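First residue of the sequence shown? That's 532 in our numbering, and the numbers climb one at a time after it. C-beta atoms are modelled at their ideal positions from N, C-alpha and C, and glycine is treated no differently. Treat the numbers as computed from the prediction; the structure is a model and nothing was measured. Quick notes on the structure that follows.
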Amino acid sequence: MKKTRKQSSHKKARRVIFPPSITQGDTIGLVAPAGPIINKSNFSAGVRILEKYGFTVKYNQYLLNTKSYLAGSDQERADEFNRLWSEPEVKALVAARGGYGCMRMLDLIDMKQIRKNPKILIGFSDLTVLLAAIYKKTGLVSYHGPVVTTLASINKQSQTSFFNVLKGNAPDQIKPSRVKILKEGRTKGILLGGNLTTLVHMIATPYEIPWSDAILFIEDIGESPYRLDRLLTHLSRANRLQKIQGLILGTFSDDEKKEKGHMKKTVQNRVLDLLAGLDIPIWSDFPVGHGRRNLTLPVGVEAMMDSDAGLLRFL
């Protein structure tokens, strides 16, 4: 027998904060809370795109430090993040790249300042940690979307999505053309998620996402099929997957041709197996992840999955 669950009331009690949009001529702070810039040409190309759209960029040379897998010490990275957030001229922050390191500096982030002075923050991959932590501690909606080093390689639709969010023109629904409905259904929940590996590593920390009532979206890169199986199994054995209201699978490689085979089937089949007893919608092939299709999604908003219409609506 399939199980259905009533939504809990946690989302009703949480005060959600929406950051103000920005306009052409405003300054965007570029941050590297995890790894440093390794490919400077990709970074420069991304900066040029931001400037082409009429924005001024501001960043510290520390993010070009390639002597370590981290862009400076934990204190240095946190201080730069806090500094840019506190500067009145900086209207939004965009991650330069992902990598690893956000988890190490979470205790050093000034959450009181973030709550008091909300701004747009966009990033993905290791930034999953930061987006989740900020939502958990402040209620601020941040955005899972491209980093500077990927702006030049994503497709036009993803670029448009990114800049629409910055300028306050984001649509209230998304209807991707290639989404596959693995399991029908219609549900409401809080849109949360990001990188699968990172989400698993956040379990049992103070920054773990609130799984109950979540519409969970996940993506990953560089993981073999058996490792993806293990990560998904861990979420189930830890009783996290059983709490969600709906599941959206993004991409699990930066090469969609590679993903069309065994890897995609592994994820789809394992998810269907683990959630066989729950009556919740499950989608795959959603344009979010490390590939060319990476739409910018709000983290922490109430949303609806409508399988009949193929729509993800933001409420």
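At a cut-off of 3 residues, the continuous stretches assigned as beta strand (DSSP E) that sit fully inside the region 556–592 are 558–562 and 587–589. Secondary structure at His793: helix, using DSSP grouped into helix, strand and coil. Taking C-beta separations shorter than 6 Å and ignoring five residues to either side along the sequence, Ser755 has no partners in its chain. Here Met836 carries a strand assignment [DSSP, helix/strand/coil]. Burial state of Leu671 is buried, judged by a 10 Å Cβ sphere holding 16 or more other Cβ atoms. Using a Cβ distance threshold of 8 Å, Leu652 and Tyr631 do not count as a contacting pair.
Under the three-state reduction of DSSP output, Tyr631 falls in the coil class, being neither helix nor strand. Residue state for Thr680 is assigned as helix, using DSSP reduced to three classes. Burial state of Tyr757 is exposed, judged by a 10 Å Cβ sphere holding fewer than 16 other Cβ atoms.
If you draw a straight line from the Cα of His821 to the Cα of Gly725, it is about 11 Å long. Taking a cut-off of 8 Å on C-beta distances, the region 710–727 does not touch the region 679–698, as fewer than three cross pairs fall below it.
DSSP places Glu611 in the helix class (H, G or I) of the three-state scheme. Here Ala609 has Pro564, Met636, Leu639 and Ile640 as same chain residues with Cβ atoms under 8 Å from its own Cβ, once five neighbours each way along the sequence are excluded.
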